[in-house]
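Q:
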Amino acid sequence: MILSRIARALKDQSWLAVGIEFVIVILGVVIGFQVTAWNADRAEQDVITRQLHEVRDDIRADITAIELTRDASLWRLAAAEYLLTEANDGAGLRSMSTAPGGTVDATLLPIVTEADLPMLLARVNLIRGVTGRRTGYQSLVNGGSLRLIEAGELRSSIQRYYAGYDDFQRNLNTFRDIRSAALPVLFAHGFSLFSDHDIDTVLDAARNNPAFLAYLRTSRETGQFQTASILAREDEARALLALINAELDE
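Counting from 1, position 193 in the sequence shown corresponds to residue 195 in the numbering used here; the numbering is continuous, with no gaps.
1) Hey, is the stretch 166-176 in contact with the stretch 224-239, meaning 3+ C-beta pairs nearer than 8 Å?
2) Suppose the cutoff is 8 Å on Cβ atoms and the five residues either side in sequence are ignored; what does the same chain contact list for V187 look like?
3) Given a cut-off of 8 Å on the beta-carbon distance, is the pair R209 and A82 in contact?
4) Report the three-state DSSP secondary structure of S141 (helix, strand or coil).
5) Between the Cα of A244 and the Cα atoms of R58, V49, V114, S158, which residue gives the shortest distance?
6) Taking the alpha-carbon of N1 as reference, which of R162, I232, A153, L205 has the nearest alpha-carbon?
7) If you draw a straight line from the C-alpha of L70 to the C-alpha of E56, how long is it?
8) By DSSP, does S231 sit in helix, in strand, or in coil?
9) What is the DSSP secondary structure of T203, reduced to helix, strand or coil?
10) With 16 other CB atoms within 10 Å as the buried threshold, where does A1 fall?
11) Determine whether the Cβ of T87 lies closer than 8 Å to any Cβ atom of chain D.
12) Return helix, strand or coil for H191, following the three-state DSSP convention.
13) Take F170 and list the residues in its own chain whose beta-carbon comes closer than 8 Å to its own, dropping the five residues that flank it on each side.
14) Determine the direct distance from the alpha carbon of A67 to that of T137, and round the result to whole angstroms.
15) Is it right to say I113 is buried, meaning 16 or more other beta carbons lie within 10 angstroms of its own, or is it exposed?
16) Taking 8 Å as the cut-off, decide whether the C-beta atoms of G145 and Q53 are in contact.
17) Using DSSP with H/G/I as helix, E/B as strand and the rest coil, what is R136?
18) Could you check what DSSP says for A241 in three-state terms: helix, strand or coil?
19) Whole angstroms are fine: how far does the CA of R219 sit from the CA of R78?
20) May I have the straight-line CA-CA distance separating I256 from S158, to the nearest angstrom?
21) Which residue wins for smallest C-alpha separation from A63, given the options L250, L242, D251, D198?
22) E56 by DSSP, collapsed to three states: which one?
23) Which residue comes first and which comes last in the alpha helix (DSSP H) that contains G131?
24) If you reduce the DSSP assignment to three classes, tell me which class D48 lands in.
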């Protein structure tokens, strides 16, 4: 219809009408491109929003897993501290001013009761990991959406969080390697990794076997490192969850 009007205006040499029709055509093309761009941007934002929802679900699952690992780490540290104190090993956790990864407030440790005594060595030996969920993060990375998140703090926090997960897992593997190296010492006393053991037998071994005592000391040291790391990890997860909630609630 517009083309027929332009043709008629040209035939009639109505240059004003021709100019008006050309302006209408150009405006139509420009508006069409703009609408297409708006729709593409809206679709892109919808994808990012959906993927951020997935990341949020993953972080919530991570926090649940981190809480379990945190509690196991605190128990590991408390058990090592108790055994070393009872074995008259001298300086305890409260005097440890430094440790790789930070220090742990001794008041956070659970109270060891008589019912806990048979399980203390098993708690020292337990190095619980965190199986993190990365579905949402992989969607962001593989789809190229991570770079499109406009909130710079959120984008960098997501990257730091998942990079930190890899570092945390590597540290856990190192702790497990240390435990594996101590297995001959444990087995020599008839101690398995996760069975209950008579507390007097465990303390006697700590008092009379330097290698076993060194294992308990090392477990306390690595336990402090592990616990400080998992507490920091929990703080990072909760901070990232707050950023995602703020972004999605806008």
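Think of the CB as a built atom: it goes at the ideal place given N, C-alpha and C, for glycine as much as any other residue. Given the structure is predicted, the values throughout are model-derived calculations rather than measurements.
A: Based on what the coordinates show:
1) Contact between the stretch 166-176 and the stretch 224-239 is present, because at least three Cβ pairs lie under 8 Å.
2) Within the sequence shown, numbered from 1, the residue matching residue 187 stands at position 185. Excluding residues within five positions, the ones whose Cβ falls inside 8 Å are N211, A213, F214, Y217.
3) Taking the first residue of the sequence shown as 1, we reach residue 209 at position 207. Taking the first residue of the sequence shown as 1, we reach residue 82 at position 80. Their beta carbons are not under 8 Å apart, which means R209 does not touch A82 by this criterion.
4) Along the sequence shown, read from residue 1 onward, the residue named residue 141 stands at position 139. In the structure shown, S141 sits in a helix (DSSP, three-state: H, G or I).
5) One-based indexing of the sequence shown puts residue 244 at position 242. Checked all of R58, V49, V114, S158; the closest Cα to A244 is R58.
6) Nothing about residue 1 can be read from this structure; the chain reaches only from 3 to 252.
7) Counting from one through the sequence shown, the residue named residue 70 turns up at place 68. Counting from one through the sequence shown, the residue named residue 56 turns up at place 54. So the two alpha carbons sit approximately 22 Å from each other.
8) Here the question's residue 231 lines up with position 229 in the sequence shown. It is helical.
9) Against the sequence shown, residue 203 aligns to sequence position 201. The answer is helix: DSSP assigns T203 an H, G or I state.
10) What the structure shows of the chain is the stretch from 3 to 252, and residue 1 is not part of that stretch, so it cannot be assessed.
11) Checking the listed chains, one finds no chain D in this structure; it contains a single protein chain.
12) Within the sequence shown, numbered from 1, the residue matching residue 191 stands at position 189. Coil, per DSSP.
13) Within the sequence shown, numbered from 1, the residue matching residue 170 stands at position 168. Excluding positions up to five away in sequence, the list reads V132, S231, I232, R235.
14) Within the sequence shown, numbered from 1, the residue matching residue 137 stands at position 135. Within the sequence shown, numbered from 1, the residue matching residue 67 stands at position 65. Rounded to the nearest angstrom, the two C-alpha atoms are 16 Å apart.
15) Numbered from 1 along the sequence shown, position 111 holds the residue referred to as residue 113. Per the 10 Å Cβ criterion, exposed.
16) Along the sequence shown, one-based indexing puts residue 145 at 143. Along the sequence shown, one-based indexing puts residue 53 at 51. Cβ atoms of G145 and Q53: closer than 8 Å.
17) Your numbering for residue 136 matches position 134 in the sequence shown. R136 falls in the coil class under three-state DSSP.
18) Against the sequence shown, residue 241 aligns to sequence position 239. Reduced to three states, the DSSP call for A241 is helix.
19) Within the sequence shown, residue 78 is the residue found at index 76, counting from 1. Within the sequence shown, residue 219 is the residue found at index 217, counting from 1. When rounded, the distance between both Cα atoms is 12 Å.
20) With the chain running from 3 to 252 in the structure shown, residue 256 is simply not present.
21) Stepping through the sequence shown from its first residue, residue 63 is reached at position 61. If we check each option's Cα against that of A63, L242 comes out closest.
22) Along the sequence shown, one-based indexing puts residue 56 at 54. The answer is helix: DSSP assigns E56 an H, G or I state.
23) On the sequence shown, position 129 is the one that residue 131 refers to. It is not in any alpha helix (DSSP H) - G131 carries neither H nor E in the DSSP assignment.
24) Translated into the one-based positions of the sequence shown, residue 48 becomes position 46. D48: helix per DSSP, three-state reduction.
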